Every structure is written in structure tokens, then in C-alpha cells.
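The numbering of the sequence shown is this note's numbering, which starts it at 975 and goes up by one.
Everything on this sheet refers to the single structure shown next.
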Amino acid sequence: MAGAIQEARPAGPLPGTGGAAPVAERLPRLALIGNPNSGKTSLFNQLTGLNQKVGNFPGVTVDRKTGIAALGGQRRAEVVDLPGTYSLYPKSLDERVIADLLYNPLSPDYPDFVVVTVDASNLRRSLLLFSQLADLGLPAILALNMTDVAAERGIQIDLPALERELGVPVVPMNARKGVGLAALRIVMADRLAARPPAGRFWQPAAELRPLLAAIRTRFDLPNDYLALHYAHQFEQLHFLNEADRHYLTELTQEYAFDSTAQQASETVARYAHINELLLEVVTVTRTERREPASNRIDKVLTHRVFGYLIFLAILFLLFQAIFAWAQYPMDLIDQGISALSAAIQERFSGPLVRLLTEGVIAGLGGVLIFIPQIALLFAFLAVLEETGYMARVTFLMDKLMRPFGLSGKSVVPLISGLACAVPAIMGARTIESWKDRMLTIFVTPLMSCSARIPVYTVLVALVVPDESWLGIFNLRGLVLMGLYLLGLGSALLSALLLKTVLKARERSYFIMEFPVYRWPRWKNVGLTIVEKVKAFIFQAGKVIVAISVLLWVLASYGPGQRQAQAEAQVQQTAQAQRWPAAETERRVASARLENSYAGTFGHVIEPVIRPLGFDWKIGIALLTSFAAREVFVGTMSTIYSVGQDADLGTVQQKLANEKDASGQSFFTPARALSLLVFYVFAMQCMSTLAVTYRETKSWRWPLGQLVYMTGLAYAASLLVWQVFA
């Protein structure tokens, strides 16, 4: 049954350009599409499990999640999770990738069929998108999701009548619990025969036919409705060349095509058809047992006072958990890495052994130790998203963001920035206003991302006692929360400043649909944790380990005979003053490090950072952490593995044992606070600069971020050190 589509569609020519392209075998491809909060992502996770990956759609930076789904027997298919949308007329940048994919039948990524997820409790809204997809002629399945919510609201759907009216299979299901999933797999396997929908929902007006006929002829399109979308959206379709766009510009002007009026007319006609259809297939028995409870909860969670207090309490719980709950597994990992290094050094010796223990294993420890905290952070964020509370937070924070010139839609990227600035900046594509989008992109890196957690936790644990405040609150957790609030405050004030500079007077509107409250689907939470931890280990981890190895080389060897000469001087002083062997060994290691390539470079930049309370060792860590913020800890681990006795133990113990020239503890509260403040504000992530350039298509914005945030970090750190030192 699937044999007819085992060959890929041509990959080369654009519509209307002619030519042929090589053919390659591939799995059948299906696209998941639906409204936001329709259960599409839950269905994707159920179908693919851990067999999924994240990339980008061709030519754009919008996330593209794909996975492999087993459909029954030996059949499998590639599943593409498309961005949520309410219609095929895109309003934001990430919605436009849907048009690029579905309007180009010759694209190598064109789906063989689509699975449309709809909310059974709100069919009227959901069927608008389905009707547009059906009129494009795409083979489709309707996944009738949230049937449990519909039943609670007294909504009864005649499934045979709905299938008959739509002309496609309808599968009732609850994607969160996996109910109906087996039936959907069977129907999906059957749809590999690629049968288009039986009926049509809407036809363009007769006066448009000459225009549409010309477009169909030029681009060899299968139906009038697809040709109509070319007339509507040709300026945003990336796969069209300049000649095609010029042709469509002249053609639409010749026929006086009014896109706005035509869209409005089409939408009204579609809803009229949908209303008639629903009268035939839907029966509603008035029962509102659940809705009043939901409304009462919303009145509390979005209250102008209690709403903010509850949100702060949840954040407080999160940061307490990051310290209190994660500490035990972190200690085990840290001690395990230390014990492994010590065991290897006891049994073996030589440069390669030192490279392994002081470079590779020390760098690896800087990655693995923070897995518990990263997992906890994303677990909390996933639970907030799954329960529907994150949408309420977005609505609540909209009131706070408005005075600072940020759109309500800016809240989602800013909150996402607590995890990582890169996808958060990409998430700003949903903001229609150019100025609001630029403001959001510019200030998002000031939100403390998960990559800063390693820096924060090590330094806070060094200087803040592990004590309780009022007997129940962990003092370190309070300090950590303060750092995050400092990042949020700086982002808002920076947006206000930039708003004044840009003179942003545009008004934007924020409309959000609240999803229903639900218990979190723990499988989805688990998948999120696994995905994010894997990304941290294999993306950030590779950078950290690579830089750790490079640093070990730079810290172990030096120019000319400088290290040997420094060692000889220390040995002479040790003999003259009769130092113990352990003290002599420590001084020799420190002298060799100071005269290494890394030490030499650190001394070059030390005059610039000395006013902040930093020395040349911290300077090395600051520079290497421009690759990724979390590299700071791996660098410090490597530097102090080379410069001290390996028997000192964990990373935290090595930093705690560092002494200044007078023999006092080097990492004082003032110095640690200065360093913490620097990392709250500093732009130290090359990936963030790169994605800002890709999103803005200009180096002006990323360079502006780098200069502004580095200057802000330097000034704030200088102020802290001069006041508290």
C-alpha cells in the first residue's frame, strides 16, 4: 500500500522552473499541524518517544522537531512537528515556515499527508485550519483530541457524521494519556496510500478564476486554492525567486487583487460552512461542573496582587530545590570525579596521565556535576507548561512588561531565557511588531539562563553559609533567587532605556487563550528533561571538555625556559628557608602555572580586570567562557587542577583552598559577589551573538549587545568591589 510513495519528491527545481532532480529513497513523511494548545506536542511525543531530534527548517532558524514513528507491522514514518497556528495565513515568522513547506509540492520536505490535531471541546475554532488544509488537497487525518474535556463540558460528537462531512478519517483520542493512539497508528498506516479529502469546503469567487488560472499555469499547481495562496503570500514565500515574485506582483496589480478583503471574505464563508456542519454533528448538554472551578482558580492565579506573590513563591521553591534537592547527587558526582582522578594518578604517571586527569576528567567533571540542577530546572519549567500555569504567568507578566516598552508576547521569550537565550531569541519570531521584537531580542540575554547555574552555585556555595533563614529557608537559595531577580530587573530597565533610544511608539496587542488546567503528563516531562540534559552534555559538554584540554596544554607548558627558571628559583628559596616538601611542591606548581602560556596571557589582561578584584587566573576563565558561560567552572577546575595538589579534592574545595599573596582566603565574599554580578550582566556566549545576528540579519544588534552588556558588567562589578572590598 505504501509502495507508491517510497520515492522522495524531486529536491531541486522550484515551482515553474522546470528541470529534474535526483530521486532517493526515504521514509514516508507526515506533518503534525494544529492550533496552539490542541495537544499536538503531546501527540508528537507519544508517536516518537525518544526517537526525535531538533534542527532548523531550511533557510530559517525556527526549531524543527522530527522523529520516527512506528505505524504498525514493519511500517515507519518520519513525523514533523510544525509550529502551532490558527490558520494558513501566517502572522508571525515561525508560522511562515508552514507556508513555505505546504505551498511547495516540489519541496523535498513536502509531507505525504498531514495529521491535524483539533480540540474536541472547541471544534468551531479548530476546523478553520482543517478546512484550509483540506482545500489545499493534502491527504489528512483528523486527530480529535481532548475528548475527555469535551465530555466534561457535555459536548457529544457524532463521529460517523463528522467523518462523512469532512471526508477524512476521524480518530477520537486523548494524546496526553495515549488513549486512541493505537487506532491512530493503524489509520496512519492506511493513509500511506495518500488519498486526498473527499470534499471541498470553499471555492474562490468566479471573478478570481482568470488570475488563478494564470498562476496555476505559471507554477503548475494542482488546484485554485493553492494558487490563491500564492497571490496572497508570494512576498513571504522563500522558495520563489525574484522573477516569480515580480510576475506575481504585476499579475495581482493587473487584476486589482485585494488580499485583505479576500481573506476576510474567505474566513466569514468558512465559518458559515463550519457552523452548519457543527449543527449536524455536535450536541451540547449544558454541564459546567468544571468551568466554574477553573474560573475561580484563574481569579486567584492572575490576581493583581496574589498572582505575583504566588509566582514569586513558585520561583522561590524552584531555587530552593536547585540547592537543597540537587546538592546530594552533585556531591556524589564531584567526589566520584575526584576519586577517579586520584585513583588513576596513584597507579600511573606521565604527561598523558596528567592530560587525562587534569584536562579531560577535570573538564568532564565540570559538565556532569551540574546535571542534577539542569534536570531540576527543566523539570519545573515542563511541569508549569504541562499544567497550563505558564500561560497564566505570561498573561500576568504582560501587565508588568507594558510600561517598559515590551509586548505581552515578549514574556514568553524572557521566561524561556531562564533556560537558554538561543531558543528564547528565536521565540521572539512570534512578535509581529518589529520594534517590540528588537527590544525583546536585545534584552533577553540578561535573563539568567541555565548555563549561569554552574557559575552561580559554585561561587554562592563558596561564600554563603549553608544555613537556614527563619529556620525553613535555605540562605543559598535566597541568594540564587536574588541573582535571577537582578537579571530580570536589568532586562526591564535596559528595555526601557532602549525604548527611549528607538522611540518605540507602536502599540501592540496581546491576546492569549488559556489552556485547560491538567495534571502534568509525566512522560512529556521526562522527555523534556532527557532532551535538555542530552543537549547540555553533548553540546555544551563538548565545548567544555575541548577547552579544558586546550587549557591544560596552555597551563602545563610555557614559552622558552621560563617555567624551568621559575621552578629553579622556587627550589633555591625552598632550600634556603627549609620549606616542607608539600609546601615546596605547591609553590613549584603555582610558579610553573604562572609562567605557562595561559599564565602569561592572564598577566597581560590582569591590569584591566584587577580593579574588579580579579586576578590573572580568573581572567583566563573569563576569556574562555565567551565560548559558553558554563565553561567558567570547567576552566577553574582545570586551572586549579594544574596549579594545586590534586589531592585537594573537589572543584569547590580547590577554590576554597586558594590563597592570596598574604596567605588569606582568595575567594572572599566581596570578590565572589563582584564575580557573580559580572556574570549576571555579561554577554558571554558566542551562540547567543550568532543567533541574534541570524534573527536580525545585521551585526549592529549583536555587537551592540556585546558592548552594552560587557560595559554594564564591568561597571557593576567595579562598583561592587570598590564598595565591599
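For glycine and all other residues, C-beta sits at the position ideal for the given N, C-alpha and C.
Just so we're clear, the structure is a prediction, and the values are computed from it rather than from any experiment.
Buried or exposed (CB count within 10 angstroms, at least 16 for buried), residue 1324: exposed
Could you check the C-alpha separation between residue 1556 and residue 1543 for me, to the nearest Å? 17 angstroms
Going by DSSP in three states, residue 1700 sits in which element: helix, strand or coil? Because the chain spans 975 through 1699 in this model, residue 1700 falls outside it and cannot be assessed.
Do you know offhand how far residue 1255's Cα is from residue 1108's? 18 angstroms
Residue ranges of each alpha helix (DSSP H) within the segment 1532-1578, 4 or longer: 1536-1551 and 1555-1568
Using the Cα positions of residue 1418 and residue 1663, report the straight-line distance between them to the nearest angstrom. 12 angstroms
Can we say the segment 1434-1441 touches the segment 1345-1359, given the rule of at least three CB pairs closer than 8 angstroms? no
Buried or exposed, going by whether 16 or more other CB atoms sit within 10 Å of the CB of residue 1203? buried
Based on Cα-Cα distance, which residue from 1354, 1238 and 1492 lies nearest to residue 1503? 1354
Quick one: what does DSSP say residue 1631 is sitting in, helix, strand or coil? coil
What did DSSP end up calling residue 1478 once you bin it into helix, strand or coil? Any reading at residue 1478 needs caution, since the residue's pLDDT is 48, under 50, leaving its predicted position unreliable; the model's value is listed next. Coil.
CA-to-CA distance, residue 1402 to residue 1673, given in whole angstroms: 18 angstroms
Looking at residue 1413 and residue 1700, is the spacing between their C-beta atoms short of 7 angstroms? Beyond the ends of the chain as shown, which are 975 and 1699, falls residue 1700; an answer cannot be given.
Identify which residue in 1328, 1507, 1500 and 1563 has its Cα closest to the Cα of residue 1425. 1507
For the segment 1119-1139 against the segment 1052-1060, are there 3 or more C-beta pairs whose distance is under 8 angstroms? no
Using three-state DSSP, classify residue 931 as helix, strand or coil. An answer regarding residue 931 cannot be provided, because it is not within the stretch 975 to 1699 covered by the chain.
Is the number of C-beta pairs between the segment 1691-1698 and the segment 1581-1599 that are closer than 8 angstroms three or more? yes
Is DSSP giving residue 1405 helix, strand or coil here? coil
For a quick check, are the C-beta atoms of residue 1145 and residue 1114 less than 7 angstroms apart? no
Are there three or more Cβ pairs, one per stretch, closer than 8 angstroms when the segment 1573-1583 is compared with the segment 1528-1535? yes
Note down the Cα distance separating residue 997 from residue 1082, rounded to an integer number of angstroms. Per-residue confidence for residue 997 stands at a pLDDT of 42, beneath the threshold of 50, marking its modelled position as unreliable; the derived number appears in the next sentence. Spanning the two alpha carbons is a distance of roughly 10 angstroms.
Check whether the Cβ atoms of residue 1190 and residue 1201 sit closer than 7 angstroms, and answer yes or no. yes
Looking at the structure shown, is residue 931 part of a helix, part of a strand, or coil, going by DSSP? It is not possible to answer for residue 931, since the shown part of the chain is limited to 975 through 1699.
Which same chain residues end up closer than 7 angstroms to residue 1469 when comparing Cβ atoms and leaving out the 5 residues on each side of it in sequence? 1378, 1379, 1380, 1413 and 1417
With distances taken from CA atoms, which of 1650, 1091 and 1048 is nearest residue 1427? 1650
Residue 1584 lies in the beta strand (DSSP E); which residues open and close that run? Looking at the DSSP string, residue 1584 is not in any beta strand (DSSP E), and its letter there is neither H nor E.
Reduced DSSP category for residue 1129 - H, G, I as helix; E, B as strand; rest coil: strand
The alpha helix (DSSP H) that contains residue 1098, what's its start and end? 1097-1109
Can you tell me where the beta strand (DSSP E) holding residue 1008 begins and where it ends? 1003-1008
Run of the alpha helix (DSSP H) containing residue 1592, from where it starts to where it stops: 1590-1598
Considering residue 1258, what are the terminal residues of the beta strand (DSSP E) in which it resides? 1256-1258
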